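Residue 421 in full-length UniProt numbering sits at position 421 of the sequence shown; the count goes up by one each step and never skips. Every residue gets a Cβ at the ideal spot worked out from N, C-alpha and C, and that includes glycine. Since this is a predicted model, take the numbers as computed values, not measurements. Input: a single structure, listed below in structure tokens.
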Amino acid sequence: MGWQSEGRFRFRHQLPFFWLWEAETQQGKNDLIIWFNGGPACSSLLGLFKIHGPVTFPRTATKPQRNPYSWTRAANVVYVDQPIGTGFSSGTSNNTDNEHNTAAVVKWLDSFFNVFPEMRSKKIHLMGESYAGIFLPYIAEEIQAQKSTLKAYLSSLSLGDALWGNWAAMNNVAAFAYIDAHRSNFGTNIASNMYDVLKQGDKDCGFPAVRAQIKYPPSGPIRIPGNPSGGNFKRDFPVPPGYIPDNCDFGGGGTDTPERLAYIMDHTGNDCYGVCDPSDAAYNYYSSPTLNRDFLAYNINEHGYAGLYCDGSYIAYLNRADVQAAIHAPRIDFSACNGVLSRTLTTNDRKYHPQPAAYTIVPNLISQGVKVHIFNGVLDYVIPHIGQELVLQNTTWAGSQGFSRPPTSDVLRNSKGQQVSQGREERGLSYYTFHNAGHRVAQDEPEGALQWLMKVVVKGSNVGLIVGIGGVYGGEGW
């Protein structure tokens, strides 16, 4: 591994935490990835230690191990904890909505370049996942607006399994179609009567007619139903017994009756789900605590929430006093996500309604020469790939609407020759899906994700040249 620098430098009354890693290859020296996790208010050290950093915590690992598919093989990478109150970042801040957070991140970036002037001249790639799809395009837009001051070149924006389009299109309109297409993955988690109710609800909401307009090329603008979830925010995490109100719990004492299921799909007088909200309804059924279900929305092939996606070994590691001292972090109780700040941000984002980036921001970035890359795991139920495809085919960029051909023509294979991804690039925008990945693509498909990064984003070398890297890194020095 190359050199690294981590810690905090004072920015006004704030101390944002970052961890910068040098590129491990010569061809990666000219690129800088700035990585943001979603949440909102989730530490980007999650990205470092669980997704694509030089050292990661694989399943059941108690010490960090060298990652042969680290994204530092393609570029310099800096992981940023933002907004203030996230991870190891601290200080006083009013960054509790998208507008204030955007301004703060761009001002911090200028300070970062002052501390590391050699990074200012790199090709910059803003990258993030999940909720970053809401805030990261705004940061890209502000960087472009201030490029004469920043004297920095934004090369690309990449959004993985991210909420960058109309919420209804990305989630509720796509929900049943996704369940239907991947029914075998859900196994015993779906009973026939529940399937029938979701199918009928999907039909009653008029969603099949919306999805039928996903064509290549599209025949015209696609009308998306307005806010069918009634303002409810999708639950991304399983909920413990007693949290879901009785009339919202699909368990119903262990009996699934068509009448009860139909009631839950009926929004009239029901504060559990909004109008036409099959996504939350289905999710709460799959994860119903009274039915002892075992469903993980982030990856429908995973079972048990204490598995690959939720292992907390890296959190225990980052809470060690010697580790915090070594990385110049404050002596605090580190947590992956700040729940209080997350609720504040999501509440304010719903209040101020930041416009989805697909409407104008992404097309404007492309018109300014910034490449945009969308990627998604096929096994992700939180942000289903069908929703991504609906948004893409309803987005106009570089003079045309959507892709002219299905995004399947470009194929990525791993070193064994197995196909791991397919996609397409047109007019400055690319879209790739990863067959065996869920919400965190590089965690589930590390070799394929690195190949995509090298070939699509930074246009680097062939991932087939990568060889395994031995060695386990741990102990008091880590």
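1) Could you pull out every residue in the same chain whose Cβ sits closer than 6 Å to the Cβ of Leu15, ignoring the five residues on either side in sequence?
2) Return the bridge partner residues of Arg66 from the DSSP annotation.
3) Is the Cβ-Cβ distance between Trp35 and Ser43 less than 8 Å?
4) Would you be able to state if there are at least three C-beta pairs under 8 Å between the region 436-455 and the region 311-319?
5) Is there contact between the region 370-385 and the region 167-185, where contact requires at least three CB pairs shorter than 8 Å?
6) Assess, as a yes-or-no matter, whether the region 386-401 is touched by the region 203-219 under the definition of 3 or more beta carbon pairs within less than 8 Å.
7) So, at 7 Å on beta carbons, what are the nonlocal neighbours of Ala61 in its own chain, with the 5 sequence-adjacent residues on each side left out?
8) In its own chain, which residues sit with a C-beta less than 6 Å from the C-beta of Ile394, not counting the 5 before and 5 after it?
9) For the beta strand (DSSP E) containing Ile361, list its first residue and its last residue.
10) My assumption, with CB atoms under 8 Å, is that Leu379 sits in contact with Asn299. Please give the rounded CB distance.
11) In this structure, does DSSP put His373 in helix, strand or coil?
12) If you run the structure through DSSP and keep just helix, strand and coil, what is Val458?
13) Taking only the alpha-carbon atoms, compute the straight-line gap between Gly220 and Val323 and give it to the nearest angstrom.
14) Using the DSSP secondary-structure output, state which residues sit across from Asp31 in a beta bridge.
15) In whole angstroms, what separates the C-alpha of Arg59 from that of Arg120?
16) Under the rule that 16 or more other beta-carbon atoms within 10 Å means buried, what is Trp3, buried or exposed?
17) Candidates Arg427, Ile374, Ser421: which alpha carbon is nearest Ala398's?
18) Going by CA-CA distance only, name the one from Cys337, Lys107, Thr396 that's closest to Ile361.
19) Spell out a yes or no on whether the region 23-31 and the region 68-83 are touching, meaning 3 or more CB-CB pairs, one atom from each, closer than 8 Å.
20) Nearest-angstrom Cα distance between Lys234 and Pro40?
21) With distance defined between alpha-carbon atoms, name the residue in Ala104, Gln368, Pro68 nearest to Gln82.
22) Mapping the DSSP letters down to three states, classify Leu296 as helix, strand or coil.
23) Quick check on Pro238: buried or exposed, where buried means 16 or more other Cβ atoms within 10 Å of its Cβ?
24) Compare the beta carbon distance of Gly165 and Pro354 with 8 Å and say whether it is the shorter of the two.
25) Go ahead and label Asp161 buried or exposed: buried means 16 or more other beta carbons lie within 10 angstroms of its beta carbon, across all protein chains shown.
26) Could you please give me the residues that DSSP links to Leu450 through a beta bridge?
27) Would a C-beta distance cut-off of 8 Å place Ile224 and Ala169 closer than the cut-off?
28) With respect to the beta strand (DSSP E) encompassing Phe18, which residues constitute its N-terminal and C-terminal limits?
29) Taking the alpha helix (DSSP H) that Tyr178 falls in, what are its first and last residues?
30) Can you check whether the C-beta of Phe434 is within less than 8 Å of a C-beta belonging to chain B?
31) Report buried or exposed for Ala140, applying the criterion of at least 16 other Cβ atoms within 10 angstroms of its Cβ.
32) May I have the straight-line CA-CA distance separating Gly438 from Ser184, to the nearest angstrom?
33) What first and last residue would you give for the beta strand (DSSP E) that runs through Ser158?
34) Express the C-alpha separation of Tyr431 and Lys459 in angstroms, rounding to a whole number.
35) Return the CA-CA distance between Lys203 and Tyr195, expressed in angstroms with no decimal places.
With the structure as the only source:
1) In the sequence shown, counting from the first residue as 1, residue 15 sits at position 15. Cβ within range, chain order: Arg8, Ser90, Gly91.
2) The residue labelled residue 66 in the question sits at position 66 within the sequence shown. Answer is Val55, bridged to Arg66.
3) Position 35 of the sequence shown, counted from the first residue, corresponds to residue 35. Position 43 of the sequence shown, counted from the first residue, corresponds to residue 43. In this structure, Ser43 does not lie closer than 8 Å to Trp35 by Cβ.
4) no
5) Touching, yes.
6) yes
7) Here residue 61 corresponds to residue number 61 of the sequence shown, with the count starting at 1. Excluding five sequence positions before and after Ala61, the CB atoms of its chain that fall closer than 7 Å to its own CB belong to Ser313, given in chain order.
8) Here the question's residue 394 lines up with position 394 in the sequence shown. Residue identity differs from the one stated: residue 394 is Asn in this sequence, not Ile. Answer for Asn394: Ile222, listed in chain order.
9) For this step, residue 361 is matched to residue 361 along the sequence shown. Not the beta strand (DSSP E): Ile361 falls in the alpha helix (DSSP H), residues 361-367.
10) As a first step, residue 379 must be located in the sequence shown, where it is residue number 379. As a first step, residue 299 must be located in the sequence shown, where it is residue number 299. Contact flag correct, Cβ pair sits at about 5 Å.
11) As a position in the sequence shown, residue 373 is number 373, starting the count at 1. In the structure shown, His373 falls within a strand segment according to DSSP collapsed to helix, strand and coil.
12) Here residue 458 is taken as the residue at index 458 of the sequence shown, counted from 1. It is coil, neither helix nor strand.
13) The residue given as residue 220 occupies position 220 in the sequence shown. The residue given as residue 323 occupies position 323 in the sequence shown. Using only the alpha carbons, I get a separation of about 55 Å.
14) Residue mapping note: residue 31 aligns to position 31 of the sequence shown, counting from 1. For Asp31, which the question treats as bridged, DSSP gives the partners Lys123.
15) Within the sequence shown, numbered from 1, the residue matching residue 59 stands at position 59. Within the sequence shown, numbered from 1, the residue matching residue 120 stands at position 120. Spanning the two alpha carbons is a distance of roughly 36 Å.
16) Sequence index remark: in the sequence shown, residue 3 carries index 3 (1-based). That one is exposed.
17) Translated into positions along the sequence shown, residue 398 becomes position 398. Checked all of Arg427, Ile374, Ser421; the closest Cα to Ala398 is Arg427.
18) Looking up residue 361 in the sequence shown gives position 361. Closest by alpha carbon: Thr396.
19) yes
20) Residue 234 sits at position 234 when you count from the first residue of the sequence shown. Residue 40 sits at position 40 when you count from the first residue of the sequence shown. Low local confidence applies: a pLDDT of 40 at Lys234 is under 50, so the model's placement there is unreliable, with the coordinate-based value given in what follows. Looking at the two C-alpha atoms, the distance is approximately 13 Å.
21) Here residue 82 corresponds to residue number 82 of the sequence shown, with the count starting at 1. The candidate whose alpha carbon is nearest that of Gln82 is Ala104.
22) Counting from one through the sequence shown, the residue named residue 296 turns up at place 296. Coil at Leu296, not helix or strand.
23) Reading the sequence shown from its first residue, position 238 is the one you call residue 238. The pLDDT assigned to Pro238 is 44, lower than 50, so where the model puts this residue is not dependable; a value taken from the coordinates is nonetheless given after this. Residue environment analysis places Pro238 among the buried positions, since at least 16 neighbouring C-beta atoms fall within 10 angstroms of its C-beta.
24) Counting from one through the sequence shown, the residue named residue 165 turns up at place 165. Counting from one through the sequence shown, the residue named residue 354 turns up at place 354. No, these two residues do not count as a Cβ contact at 8 Å.
25) Counting from 1 along the sequence shown, the entry for residue 161 is found at position 161. Burial is judged here by how many other beta carbons sit within 10 angstroms of a residue's own beta carbon; Asp161 has at least 16 and is buried.
26) The residue labelled residue 450 in the question sits at position 450 within the sequence shown. BP columns for Leu450 are empty, so no partner.
27) Within the sequence shown, residue 224 is the residue found at index 224, counting from 1. Within the sequence shown, residue 169 is the residue found at index 169, counting from 1. Going by C-beta atoms, Ile224 is nearer than 8 Å to Ala169.
28) As a working note, residue 18 is residue 18 in the sequence shown. Taken as a continuous stretch (DSSP letters only), the beta strand (DSSP E) holding Phe18 covers 17-21.
29) Working through the sequence shown from its first residue, we reach residue 178 at position 178. Here the alpha helix (DSSP H) through Tyr178 covers 173-181.
30) Protein chain content of the structure displayed is limited to a single chain, and chain B is not contained in it.
31) For the purposes of this step, residue 140 is taken as residue 140 along the sequence shown, with counting starting at 1. Buried, because 16 or more other Cβ atoms sit within 10 Å of the Cβ of Ala140.
32) Indexing the sequence shown from 1 puts residue 438 at position 438. Indexing the sequence shown from 1 puts residue 184 at position 184. Cα to Cα, the separation comes out at about 16 Å.
33) By one-based count along the sequence shown, residue 158 stands at place 158. Start and end: 153-160.
34) What you label residue 459 is simply residue 459 of the sequence shown in a count that begins at 1. What you label residue 431 is simply residue 431 of the sequence shown in a count that begins at 1. Cα to Cα, the separation comes out at about 15 Å.
35) Locating residue 203 in the sequence shown gives position 203, where the first residue counts as 1. Locating residue 195 in the sequence shown gives position 195, where the first residue counts as 1. Near 12 Å, if we compare the C-alpha coordinates of Tyr195 and Lys203.
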